[in-house]
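Structure record follows, encoded as structure tokens.
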Amino acid sequence: MDLGVHIVRAPQWILLATMLSLVAAAVGFSFLIPVPFKVEARGILITAEGVKDIESVAGGRVTAFFFVERGSLVRQGQRVAQIEQPDLVQQMEAAQADLDNLRSRQQRVIDFQRQNRTDINAQLTQKRRELENSIESSKKQVDWLAKALTGYEELASKGFASQQKLFETQVKLN
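If you use the working numbering, the sequence shown corresponds to residues 75 to 248, in order.
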């Protein structure tokens, strides 16, 4: 009777227990760690018109299944699986970055135009003031020349001023 118990010796039990522990750990980790896999999906649909083939139009990695049992009805548009498409995601991220860049450039242009408009308005206001001052100065000069002309006319009529000086004042006034 003792012979059946001593089939595996103690050092061999330790080795066997270690191997079983490693196998159990590998099985446990296989449930915890997702392993990417690629599925080429093909199926058959049976409708009132007959058998129809279905295929996935997009390539990629299946990330989630919406389980459909064999023989169950599938409606048009019903999701049966989710496919991750890293190339498409990368294109969308690049397009979003381009869009953000363009929006930033548009905002800079709008800000520049707003600042430019403010600067132009300030320049126009300054130019308007200068022109108004010039007009006021010209009006004062015209008044002064009109008074001077009147004075030269009186002096010329009395013979105290030359006709040349009277003529020059008339030319400046006109």
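Glycine is no exception: its CB is placed at the ideal position from the N, C-alpha and C atoms.
From a predicted model like this one, the values you see are computed outputs, not experimental measurements.
Between the C-alpha atoms of Lys246 and Leu219, what's the straight-line distance to the nearest angstrom? Distance between the alpha carbons of Lys246 and Leu219: 7 Å.
What are the boundary residues of the alpha helix (DSSP H) that includes Gln170? It spans Pro160 to Lys232 - the alpha helix (DSSP H) in which Gln170 sits, taken as one unbroken run.
Within this structure, are the beta carbons of Val154 and Val136 separated by less than 7 Å? Cβ distance not < 7 Å, so Val154 and Val136 don't count as in contact.
Rounded to a whole number of angstroms, what is the C-alpha to C-alpha distance between Arg191 and Gln180? The C-alpha of Arg191 lies about 16 Å from the C-alpha of Gln180.
Assumed close pair Gly134, Glu158 - CB separation to whole angstroms, cut-off 8 Å: Here Gly134 really is in contact with Glu158; their C-beta atoms are around 5 Å apart, less than 8 Å.
DSSP three-state assignment for Gln244, whether helix, strand or coil: Here Gln244 sits in helix by DSSP.
Name the one or two DSSP bridge partners that Gln237 has. Answer is none; Gln237 lacks a bridge partner.
Let me know the secondary structure DSSP gives Val101 once reduced to three states. It is helical.
Per-residue DSSP class, three states only, for Gln86: The three-state reading of DSSP puts Gln86 in helix, counting H, G and I together.
Cβ separation of Leu229 and Thr243, assumed to be a contact under 8 Å, to the nearest whole Å: About 11 Å separates the two Cβ atoms, so there is no contact after all.
Among the residues of its own chain, which have a CB less than 6 Å from the CB of Ile209, if the five just before and after it don't count? Excluding sequence neighbours, Ile209 sits near nothing in its chain.
Rounded to whole angstroms, what is the Cα-Cα separation between Lys214 and Asn175? Approximately 58 Å, taken between the alpha carbons.
Residues bridged to Ala138 (per DSSP): Among the bridge pairs identified by DSSP, Ala138 is matched with Gln156.
So what's Leu106 in DSSP terms, helix, strand or just coil? Of the three classes helix, strand and coil, the one that applies to Leu106 here is helix, per DSSP.
Met75 versus Leu94 - alpha carbon distance: With a pLDDT of 45 at Met75, under the threshold of 50, the predicted position of this residue should be treated as unreliable, though the coordinate-derived value follows. Linking Met75 to Leu94 through their CA atoms gives a straight-line distance of about 27 Å.
Distance, Ser212 Cα to Gln238 Cα: Whole-angstrom Cα-Cα distance: 24 Å.
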